[in-house]
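Q: Take this structure first; my questions come after.
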DNA sequence: CTGAAAGCGCTTACAG
DNA sequence: CTGAAAGCGCTTACAG
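Residue numbers (UniProt numbering), protein chains in the order written: chain A, 1 to 351; chain B, 1 to 351.
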C-alpha cells in the first residue's frame with residue numbers, strides 16, 4: 001500500500017498552518033513573524049521566512065477581512081470606461097490606491113439606477129474600505145445604502161455631503177466664466193452649448209454655469225442654442241449639425257465635455273465648415289486626445305491627478321477619522337487655448 | 001441605568017445571526033433560505049426575507065470566500081489604462097464578468113516586472129477565480145506564481161499555453177499581410193514600421209509579421225525603416241519625424257498600434273507633409289478614435305468584444321474544467337481602409 | 001518569547 | 001423541514 005499521496009492530488013495552496021509545521025513553530029508565531037512583531041526572535045523569524053519562501057505561501061486575505069471587516073479594497077463606480085476622462089482618472093486613482101496597499105474594485109453603472117444599486121451591493125458584500133462614485137446620478141438610492149453602512153463615499157460633482165459622504169466638485173462656474181469671457185473678447189455673441197444626457201448632474205451643473213456666465217457677460221441666452229448630446233462624440237457631431245441648420249447660426253459652441261466637442265469638430269470638418277473661422281469650439285475636461293486632432297481643441301481643463309488625489313484623500317480621511325461628516329472639495333478649472341477658437345468672421349450671418 | 005445601547009454606538013452591519021434572531025430561526029435556516037434551498041418552507045423563507053429587508057442585511061462575502069477558496073473576482077492586469085485599446089477591452093470584459101456575478105479587480109503593471117509580481121501577489125491573496133494578463137511581458141516570473149497556484153490565467157499575445165494557462169492571440173500575420181498587400185497594390189515599395197518598446201512581446205510579434213509580409217511581397221526590408229516608439233502618440237510623432245529626415249523617405253508607415261499611428265499623423269500635419277499624398281499611414285487596433293481625426297485612420301482592426309469574450313470564455317473553461325491544459329485561441333484582424341492611405345505621389349524621392 | 005484557544009460570518013454535512 | 005456544530009485561514013488577547 002502506498003503512503004498517503006503527498007505530491008499528487010489538487011494540492012491546495014499552503015496555509016499558515018503548513019508554514020508553521022514546516023518551520024516547527026505555531027501558527028501564532030508565524031502570524032506574528034509575518035506581521036513584523038518585535039516579539040519574535042530574529043532566528044525564529046528567519047525560519048518562518050524560509051518556510052514561506054519554500055512553500056510559496058501567500059496569505060489568504062479573506063480571513064483577515066473576516067476578522068477586521070475591512071478588505072483594503074476600494075470600489076470605483078464608473079459610467080463609461082470608454083470616456084478618456086474616466087480612464088485617465090482611474091489610472092491616477094489606481095496608482096494612489098496601490099501605493100496605499102489597496103486594490104481597486106471596478107463596478108460599472110451604465111445600466112441606470114438598477115445597475116448602480118447592484119454595483120453598490122456587490123461592493124458592500126466585499127466590505128470595501130470606500131467607494132468612489134463617478135456617475136453623479138440625481139438618484140439618491142444607491143448612495144443611501146452606502147451611507148447607511150457608514151462606508152466612506154466620495155462622489156464627483158454631486159454637490160452634496162453628509163455623514164461619511166464627501167464630494168469633489170469641479171469649478172464649472174469659474175471655468176465657464178473664463179471660457180465665455182474669452183469668447184466674448186474675441187467678438188462672439190452667439191454662443192451655443194451642447195450638453196449631455198439631461199438626467200445627469202454634471203450636465204445640469206455645466207449648463208447652469210453656462211447660462212449664468214452668459215448673463216453675467218450680458219449675452220442673451222437663446223433657447224435654440226442649448227442642445228442635448230450624450231457625452232460622446234456622436235452626440236456632439238449630431239448636435240453641431242443641428243446648430244448649423246439654424247438660420248441664425250451660433251459663431252461659437254461649448255461642449256459639455258471634450259468628447260462632445262471633438263464630435264462637433266468632426267461634424268464641422270465633414271460639413272466643410274471652417275474652425276475657428278465659421279465656428280469656434282470649446283470643450284471641457286482636458287483629455288490627452290485634445291492635442292491629437294486638428295485643429296487642436298481649446299478646453300476647460302481639469303487635472304485628473306488632482307481629482308484622484310482629492311478623492312483618495314477624502315476617503316482616507318473619512319475612514320481614519322471619527323466618522324464625522326464628509327467634506328466638500330473643489331477642483332480648479334483652467335482654460336487652455338488651442339487652435340479651435342478664434343475671432344468670428346466679419347460677415348452678417350443672416351442672409 | 002439605561003438599557004444596553006441598542007440604537008446608538010457604531011452599530012455594526014447586520015450579520016446572518018441578527019437576521020436569524022429577528023426572524024426567529026437559526027442561522028442555518030437563514031443561509032438555506034437565502035440560498036434558495038428547497039428545504040425551506042415558503043413561510044419561513046418569507047419571514048427571513050422580511051428580516052433581511054428590515055435589517056438591510058448584505059451577506060459578507062469574505063466568509064464565503066474563506067469557505068470555498070474562491071472569491072468570484074477576476075484580476076485584470078493592465079499596462080496602461082490610457083490606451084483606449086485597454087480601456088475598451090476592460091469595458092467589454094467587465095460587462096461579461098458582472099453578467100456572471102464576478103467582479104473585476106484592477107491591477108496595474110506599468111512598473112515592469114516588480115510591479116507585475118506585486119500585482120500577482122495581491123491577486124493571489126484575494127483568491128481570484130482567474131487572471132487576465134494584458135501586458136504580455138517576455139518575463140515568465142509573474143506567470144509562474146499563478147501557474148503554480150493553478151489559478152486560471154489568460155494572456156494576450158503571449159503565444160504560450162500550459163496547465164491552467166491559455167492564450168488569446170491576434171492574427172498579426174494575417175493583418176500585416178493584408179495591409180502590406182494593400183499598400184503594395186497602391187504602388188508603395190518603401191514601407192516603414194514604427195514599433196513599440198522593444199521589450200514587449202506584442203511589438204516583436206508585429207515587427208516579425210511586418211518583415212515577413214514584406215518578404216512575401218518581394219519588398220526589401222530596410223533597416224532604417226524600422227523604428228521603435230513607445231505605444232503612445234508621442235512615440236509615433238517622434239519616429240515619423242525621424243523617418244522624414246531620411247534622404248530616401250518611405251511613402252508609407254505602419255504603426256504598431258493606433259496611438260502610434262495617430263501620433264505619426266499629427267507629426268505629418270505639423271510638418272506640413274500631406275497624408276496620404278506624401279506618406280500613407282496605417283494603424284493597428286481599431287480604436288474608436290480612429291474616426292475622430294482627420295484624415296481618419298486606416299487600420300488593422302480587431303474586435304475588443306471578441307477578445308473579451310475569448311478571454312472570459314477561456315477562464316471559465318479552465319475554472320470549471322478538470323484543470324487540463326489551457327487553449328490557444330486566435331482573433332481575426334481586419335483591414336479597415338479610411339482616409340490616411342492612398343497612392344504615393346509620382347515623383348522621385350531622391351533628389 | 002511562544003502557544004492554545006476563541007472568534008470573525010458564513011455553509012453544510014449530520015442529527016433529529 | 002430545522003438546528004447545533006464544525007470548519008474555512010487568519011489574528012490577538014490570554015496564559016505561560
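Ideal Cβ placement from N, Cα and C applies to all residues, glycine included.
Does the structure place the stretch 174-182 of chain B close enough to the stretch 227-245 of chain B that three or more beta carbon pairs sit under 8 Å?
A: The answer is no - the stretch 174-182 of chain B does not touch the stretch 227-245 of chain B, with fewer than three Cβ pairs under 8 Å.
Q: Between the C-alpha atoms of residue 341 of chain B and residue 293 of chain A, what's the straight-line distance to the nearest angstrom?
A: Position 341 of the second chain, counted from the start, is the residue given in the question as residue 341 of chain B. Position 293 of the first chain, counted from the start, is the residue given in the question as residue 293 of chain A. Cα to Cα, the separation comes out at about 17 Å.
Q: Can you give the Cα-Cα distance for residue 327 of chain B and residue 210 of chain B, rounded to whole angstroms?
A: Position 327 of the second chain holds residue 327 of chain B. Position 210 of the second chain holds residue 210 of chain B. Distance between the alpha carbons of residue 327 of chain B and residue 210 of chain B: 26 Å.
Q: Nearest chain A C-beta to residue 288 of chain B closer than 8 Å, yes or no?
A: For this step, residue 288 of chain B is matched to residue 288 along the second chain. At least one chain A Cβ lies under 8 Å of residue 288 of chain B.
Q: What residue range is occupied by the uninterrupted beta strand (DSSP E) comprising residue 378 of chain A?
A: Because chain A in this structure spans residues 1 to 351, residue 378 of chain A falls outside the shown range and cannot be described.
Q: Tell me which same chain residues have a C-beta within less than 6 Å of the C-beta of residue 103 of chain A, skipping the five on either side of it?
A: To locate residue 103 of chain A, count along the first chain from 1; it is residue 103. 73, listed in sequence order.
Q: Where do the ends of the beta strand (DSSP E) carrying residue 108 of chain B lie?
A: Translated into positions along the second chain, residue 108 of chain B becomes position 108. Element bounds for residue 108 of chain B: 103-108.
Q: Looking only at C-alpha atoms, which of B:124, B:159 and B:143 sits nearest to residue 105 of chain B?
A: Locating residue 105 of chain B in the second chain gives position 105, counting from the first residue. Residue B:124 is the option with its Cα nearest to residue 105 of chain B.
Q: Return no unless some Cβ of chain B is closer than 8 Å to the Cβ of residue 61 of chain A.
A: The sequence position of residue 61 of chain A within the first chain is 61, counting from 1. Answer yes: the Cβ-Cβ gap between residue 61 of chain A and chain B drops below 8 Å somewhere.
Q: Going straight from the alpha carbon of residue 53 of chain A to that of residue 43 of chain A, what length do you get?
A: Translated into positions along the first chain, residue 53 of chain A becomes position 53. Translated into positions along the first chain, residue 43 of chain A becomes position 43. Approximately 16 Å between the Cα atoms of the pair.
Q: Taking the DSSP output, what are the residues bridged to residue 131 of chain B?
A: As a working mapping, residue 131 of chain B is identified with position 131 in the second chain. According to DSSP, residue 131 of chain B bridges with B:75 and B:153.
Q: Would you say residue 112 of chain A lies against chain B (beta-carbon separation less than 8 Å)?
A: For this step, residue 112 of chain A is matched to residue 112 along the first chain. Annotation note: pLDDT 49 at residue 112 of chain A (below 50); position unreliable, no value reported.
Q: Out of curiosity, what's the CA-to-CA distance linking residue 70 of chain A and residue 329 of chain B?
A: Sequence index remark: in the first chain, residue 70 of chain A carries index 70 (1-based). Sequence index remark: in the second chain, residue 329 of chain B carries index 329 (1-based). C-alpha separation (whole angstroms): 39 Å.
Q: Starting from the N-terminal side, write out each stretch of the alpha helix (DSSP H) that is 4 residues or longer and does not extend beyond the stretch 32-101 of chain B.
A: You should have 42-55, 61-68 and 84-99.
Q: I want to verify the contact list: residues of chain B whose CB lies under 9 Å from the CB of residue 105 of chain A, in sequence order.
A: Within the first chain, residue 105 of chain A is the residue found at index 105, counting from 1. Residues of chain B passing the Cβ test: 73, 103, 104, 105 and 106.
Q: Decide if residue 143 of chain A is buried, meaning its Cβ has at least 16 other Cβ atoms within 10 Å, or exposed.
A: In the first chain, counting from the first residue as 1, residue 143 of chain A sits at position 143. Buried, since its Cβ has 16 or more Cβ neighbours within 10 Å.
Q: How many angstroms separate the CA atom of residue 255 of chain A from the CA atom of residue 193 of chain A?
A: Along the first chain, one-based indexing puts residue 255 of chain A at 255. Along the first chain, one-based indexing puts residue 193 of chain A at 193. So the two alpha carbons sit approximately 6 Å from each other.
Q: In chain B, which residues lie less than 9 Å from residue 198 of chain A when you measure between Cβ atoms?
A: Position 198 of the first chain, counted from the start, is the residue given in the question as residue 198 of chain A. What residue 198 of chain A touches in chain B: nothing, since even the nearest Cβ is about 23 Å away.
Q: By Cβ distance, which residues of its chain are closer than 7 Å to residue 335 of chain A, with the 5 residues on each side in sequence left out?
A: Here residue 335 of chain A refers to the residue found at position 335 of the first chain. These residues qualify, in order along the chain: 175, 178, 179, 182 and 300.
Q: Which bits of chain B does residue 88 of chain A rub up against, with CB to CB less than 8 Å?
A: Position 88 of the first chain holds residue 88 of chain A. Correct list: 81 and 82.
Q: Answer with yes or no whether the minimum CB distance from residue 125 of chain A to chain B is below 8 Å.
A: What you label residue 125 of chain A is simply residue 125 of the first chain in a count that begins at 1. Chain B, which has a Cβ nearer than 8 Å to the Cβ of residue 125 of chain A, makes this yes.
Q: Using a Cβ-Cβ distance under 8 Å, would residue 122 of chain B count as near chain A?
A: In the second chain, the residue the question calls residue 122 of chain B occupies position 122. Yes, its Cβ sits closer than 8 Å to a Cβ of chain A.
Q: Is the CB of residue 269 of chain A under 8 Å away from at least one CB in chain B?
A: Indexing the first chain from 1 puts residue 269 of chain A at position 269. Interface residue, yes.
Q: Run through DSSP, which three-state label would residue 248 of chain A get?
A: If you number the first chain from 1, residue 248 of chain A lands on position 248. Three-state result, residue 248 of chain A: coil.
Q: Would you mind sorting residue 112 of chain A into buried or exposed? The rule is 16 or more other CB atoms within 10 Å of its CB.
A: Against the first chain, residue 112 of chain A aligns to sequence position 112. Confidence in residue 112 of chain A is poor, its pLDDT being 49 and thus under 50, which makes the residue's placement unreliable; the coordinate value appears in the next sentence. It counts as exposed.
Q: Where are the beta strand (DSSP E) runs, 3 residues long or more, that stay fully inside the stretch 250-290 of chain A, in chain order?
A: Qualifying beta strand (DSSP E) stretches, in chain order: 252-255 and 280-285.
Q: If the cut is a Cβ gap below 8 Å, which residues of chain B does residue 31 of chain A touch?
A: Reading the first chain from its first residue, position 31 is the one you call residue 31 of chain A. The premise fails here: residue 31 of chain A is roughly 15 Å from chain B at the closest Cβ pair, so nothing lies under 8 Å.
Q: Which partner residues does residue 170 of chain A have in the DSSP bridge list?
A: Counting from 1 along the first chain, the entry for residue 170 of chain A is found at position 170. Answer by DSSP bridge pairing, in chain order: A:331.
Q: Alpha carbon to alpha carbon, how far is residue 121 of chain A from residue 16 of chain B? Give it in angstroms, no decimals.
A: As a position in the second chain, residue 16 of chain B is number 16, starting the count at 1. As a position in the first chain, residue 121 of chain A is number 121, starting the count at 1. Cα to Cα, residue 16 of chain B sits roughly 16 Å from residue 121 of chain A.
Q: I need the straight-line Cα distance from residue 86 of chain A to residue 126 of chain B, nearest angstrom please.
A: As a working note, residue 86 of chain A is residue 86 in the first chain. As a working note, residue 126 of chain B is residue 126 in the second chain. For residue 86 of chain A and residue 126 of chain B, the distance between alpha carbons rounds to 25 Å.
Q: DSSP state of residue 325 of chain A, grouped into three classes?
A: Translated into the one-based positions of the first chain, residue 325 of chain A becomes position 325. Three-state result, residue 325 of chain A: strand.
Q: To the nearest angstrom, how far is the alpha carbon of residue 205 of chain A from that of residue 160 of chain A?
A: Along the first chain, one-based indexing puts residue 205 of chain A at 205. Along the first chain, one-based indexing puts residue 160 of chain A at 160. Cα to Cα, the separation comes out at about 13 Å.
Q: I'd like to know whether the C-beta atoms of residue 91 of chain A and residue 81 of chain B end up nearer to each other than 8 Å.
A: In the first chain, counting from the first residue as 1, residue 91 of chain A sits at position 91. In the second chain, counting from the first residue as 1, residue 81 of chain B sits at position 81. Yes, the Cβ-Cβ distance between residue 91 of chain A and residue 81 of chain B is below 8 Å.
Q: Under 8 Å by Cβ, that's how I've got residue 233 of chain B and residue 259 of chain B pegged, so tell me the actual separation to the nearest angstrom.
A: Numbered from its first residue, the second chain carries residue 233 of chain B at position 233. Numbered from its first residue, the second chain carries residue 259 of chain B at position 259. About 5 Å; that satisfies the 8 Å criterion.
Q: Between residue 13 of chain B and chain A, is any beta-carbon pair separated by less than 8 Å?
A: For the purposes of this step, residue 13 of chain B is taken as the residue at position 13 of the second chain. With 8 Å as the cut-off, residue 13 of chain B counts as an interface residue toward chain A.
Q: Got a sec? Which residues, its chain only, sit under 6 Å from residue 361 of chain B by beta carbon, not counting five neighbours each side?
A: No answer is possible for residue 361 of chain B: the residues shown for chain B start at 1 and end at 351.
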